[in-house]
Amino acid sequence: MLSIIIVHYKTLKMTSETIRSIQNSKLSSTYEIIVVDNASNDGSVAQLRSEFPEVDFIENDQNDGFAKANNIGIRKAKGEYILLLNSDIALAPDALEKALQYIIKNRNTGILGIRLVLPNGVLDHTCKRGFPTPMSSLYYFMKLHKKYPESKKYGHYTQSFINEEETAIVDAVVGAFMLIPKDVIQKVGLLDESFFMYGEDLDYCYRAHSTGYDIVYYPEARAVHFKGGSGRSLKVTYEFYRAMWLFYKKHYVHTYGLGTTVLVGVGIAVMFLFAALKWFFRRT
1 MLSIIIVHYK TLKMTSETIR SIQNSKLSST YEIIVVDNAS NDGSVAQLRS
51 EFPEVDFIEN DQNDGFAKAN NIGIRKAKGE YILLLNSDIA LAPDALEKAL
101 QYIIKNRNTG ILGIRLVLPN GVLDHTCKRG FPTPMSSLYY FMKLHKKYPE
151 SKKYGHYTQS FINEEETAIV DAVVGAFMLI PKDVIQKVGL LDESFFMYGE
201 DLDYCYRAHS TGYDIVYYPE ARAVHFKGGS GRSLKVTYEF YRAMWLFYKK
251 HYVHTYGLGT TVLVGVGIAV MFLFAALKWF FRRT
């Protein structure tokens, strides 16, 4: 059985379309859909309940973040396989069947991600990523991966040297689509709720990788990733940069010296400041 968990927060139309794409899937396995609402308080859950009476809805009293909401769904899931699926994903009809068959046959796969494309057809590079070490992050922000896409050094974060049409073991996939066997979750644990949103997927892939599992990018299964469901509030911007620091502090702070740590902290703070100023001026 497959348990599909969707975190919902004021995305009525997108969540509805995502559920429809699941229901239109050519899936031989039985499945359940669990929608965890993060205190939308906009009437959207009532509308979704009416539209999809077969879906299991969990309504949180407050919004404690994406990771915590997924964990609530995971605890309730009955399936042998757990799919964490964003509310802004439109699945190809055969995507779930292909992904499930691959992970069943390849037992050391701890997390499976699929080929996600943006509405314009361009690959969403987050569906195959390297871990954001200080140097790989620097190369990414300098856009060296675009100048040297075949370079394993400069293209480490985006894994641009991996053909997007080829199945590959990568460092990480994106939380918009993460298929995980339940026994892997029992060994690796739940998502780290310190991450409100962003970063929890990288952290989970890092932990699964450290436990000895493969993280697989599987492009035979495909979906469209619309993005933008979380909006562009200052809170969202803050959590984006906060996640960078949390990941570094959790996994890298003991690897690098004080100088590197200070540079990373200052760099993240400066990037957040510029992003916050951009947000402010866009509002005025």
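For the sequence shown, the positions run 1 to 284 when the UniProt record's numbering is used. Where a beta carbon is used, it is the ideal one built from N, C-alpha and C, also for glycine.
Could you tell me whether the Cβ atoms of residue 132 and residue 25 are closer together than 7 Å? Counting from 1 along the sequence shown, the entry for residue 132 is found at position 132. Counting from 1 along the sequence shown, the entry for residue 25 is found at position 25. Not a contact, by the Cβ cut-off of 7 Å.
How about residue 222 and residue 115: do their beta carbons lie closer than 7 Å? Numbered from its first residue, the sequence shown carries residue 222 at position 222. Numbered from its first residue, the sequence shown carries residue 115 at position 115. Taking 7 Å as the cut-off, the Cβ atoms of residue 222 and residue 115 count as close.
Just to confirm before moving on: does the CB-CB distance between residue 168 and residue 199 stay below 7 Å? Residue 168 sits at position 168 when you count from the first residue of the sequence shown. Residue 199 sits at position 199 when you count from the first residue of the sequence shown. Going by C-beta atoms, residue 168 is not nearer than 7 Å to residue 199.
Determine, using beta carbons only, whether residue 71 and residue 263 come nearer to each other than 7 Å. Here residue 71 is taken as the residue at index 71 of the sequence shown, counted from 1. Here residue 263 is taken as the residue at index 263 of the sequence shown, counted from 1. Annotated as distal: residue 71 and residue 263, with beta-carbon spacing of 7 Å or more.
Would you report the Cα separation of residue 28 and residue 97, rounded to the nearest angstrom? Within the sequence shown, residue 28 is the residue found at index 28, counting from 1. Within the sequence shown, residue 97 is the residue found at index 97, counting from 1. Going by the C-alpha atoms only, they are around 7 Å apart.
How far does the beta strand (DSSP E) with residue 168 in it reach, from first residue to last? On the sequence shown, residue 168 is found 168 positions in, with the first residue counted as 1. That run of the beta strand (DSSP E) goes 168–170.
With the cut-off set at 7 Å, would you say residue 3 and residue 77 are in Cβ contact? Counting from 1 along the sequence shown, the entry for residue 3 is found at position 3. Counting from 1 along the sequence shown, the entry for residue 77 is found at position 77. Contact: yes.
For a test of the three-state rule: what should DSSP assign to residue 252, helix, strand or coil? What you label residue 252 is simply residue 252 of the sequence shown in a count that begins at 1. Reduced to three states, the DSSP call for residue 252 is coil.
Measure the Cβ-Cβ separation of residue 202 and residue 176 and say whether it is below 7 Å. Within the sequence shown, numbered from 1, the residue matching residue 202 stands at position 202. Within the sequence shown, numbered from 1, the residue matching residue 176 stands at position 176. Contact check for residue 202 against residue 176 fails: the beta carbons are separated by 7 Å or more.
Within its chain, find whatever has a CB closer than 7 Å to the CB of residue 214; leave out the 5 residues flanking it on each side and keep chain order. Reading the sequence shown from its first residue, position 214 is the one you call residue 214. Excluding five sequence positions before and after residue 214, the CB atoms of its chain that fall closer than 7 Å to its own CB belong to 108, 109, 110, 169, given in chain order.
Reference residue 364; option with closest CA among 143, 88, 152: Since the displayed the chain opens at 1 and closes at 284, residue 364 lies outside it and no answer follows.
Starting from residue 145, trace the alpha helix (DSSP H) both ways and give me its first and last residue. As a first step, residue 145 is located in the sequence shown; it is residue number 145 there, counting from the start. For residue 145, the enclosing alpha helix (DSSP H) has its first and last residue at 144–147.
Which stretch, first to last residue, makes up the beta strand (DSSP E) that contains residue 110? Along the sequence shown, one-based indexing puts residue 110 at 110. Start and end: 109–117.
Kindly give me the distance between the Cβ atoms of residue 40 and residue 10, rounded to whole angstroms, as I take these residues to be in contact under 8 Å. For the purposes of this step, residue 40 is identified with residue 40 of the sequence shown, where counting begins at 1. For the purposes of this step, residue 10 is identified with residue 10 of the sequence shown, where counting begins at 1. Right, their Cβ atoms sit about 5 Å apart.
Got a sec, what are the start and stop residues for the beta strand (DSSP E) residue 221 sits in? If you number the sequence shown from 1, residue 221 lands on position 221. Its beta strand (DSSP E) spans residues 214–225.
How many Å lie between residue 33 and residue 5 at the Cα? To locate residue 33, count along the sequence shown from 1; it is residue 33. To locate residue 5, count along the sequence shown from 1; it is residue 5. Residue 33 and residue 5 have their alpha carbons spaced roughly 6 Å apart.
Less than 7 Å between the beta carbons of residue 261 and residue 253, yes or no? The sequence position of residue 261 within the sequence shown is 261, counting from 1. The sequence position of residue 253 within the sequence shown is 253, counting from 1. It is a contact, given that the beta carbons lie within the stated cut-off.
Rounded to whole angstroms, what's the CA-CA distance from residue 324 to residue 236? Just pull it up for me. Nothing can be reported for residue 324: it is not among the residues displayed for the chain, which extend from 1 to 284.
Can you find the residues in the same chain that come closer than 6 Å, C-beta to C-beta, to residue 181, ignoring five residues on each side of it along the sequence? Numbered from 1 along the sequence shown, position 181 holds the residue referred to as residue 181. Excluding sequence neighbours, residue 181 sits near 81.
Excluding sequence positions up to five away, which residues of its chain have a Cβ less than 6 Å from the Cβ of residue 68? As a position in the sequence shown, residue 68 is number 68, starting the count at 1. Within the same chain, residue 68 has close Cβ partners 193.
How should residue 211 be labelled, buried or exposed, when 16 other C-beta atoms within 10 angstroms of its C-beta is the threshold for buried? Numbered from its first residue, the sequence shown carries residue 211 at position 211. With fewer than 16 other Cβ atoms within 10 Å, it is exposed.
Hey, residue 100 and residue 22 are a contact pair by Cβ (cut 8 Å); roughly how many whole angstroms apart? Numbered from its first residue, the sequence shown carries residue 100 at position 100. Numbered from its first residue, the sequence shown carries residue 22 at position 22. That pair is no contact at about 12 Å.
Per-residue burial, residue 239 [other beta carbons within 10 Å of its own, 16 or more giving buried]: Here residue 239 corresponds to residue number 239 of the sequence shown, with the count starting at 1. Taking every protein chain shown into account, the CB of residue 239 has 16 or more other CB atoms within 10 angstroms, so this residue is buried.
Rounded separation between residue 126 and residue 146 - CA only: Against the sequence shown, residue 126 aligns to sequence position 126. Against the sequence shown, residue 146 aligns to sequence position 146. Taking the straight line joining both Cα atoms gives about 15 Å.
Kindly indicate the opening and closing residues of the beta strand (DSSP E) around residue 28. Walking along the sequence shown from the start, residue 28 turns up at place 28. Residue 28 -> no beta strand (DSSP E), and no H or E assigned at all.
Helix, strand or coil for residue 157 per DSSP? In the sequence shown, residue 157 corresponds to position 157, counting from 1. In the three-state reduction of the DSSP assignment, residue 157 falls in the coil class.
On the DSSP letters alone, give me the boundaries of the beta strand (DSSP E) that residue 90 sits inside. On the sequence shown, position 90 is the one that residue 90 refers to. For residue 90, the enclosing beta strand (DSSP E) has its first and last residue at 89–91.
In this structure, does DSSP put residue 178 in helix, strand or coil? Stepping through the sequence shown from its first residue, residue 178 is reached at position 178. Strand at residue 178.
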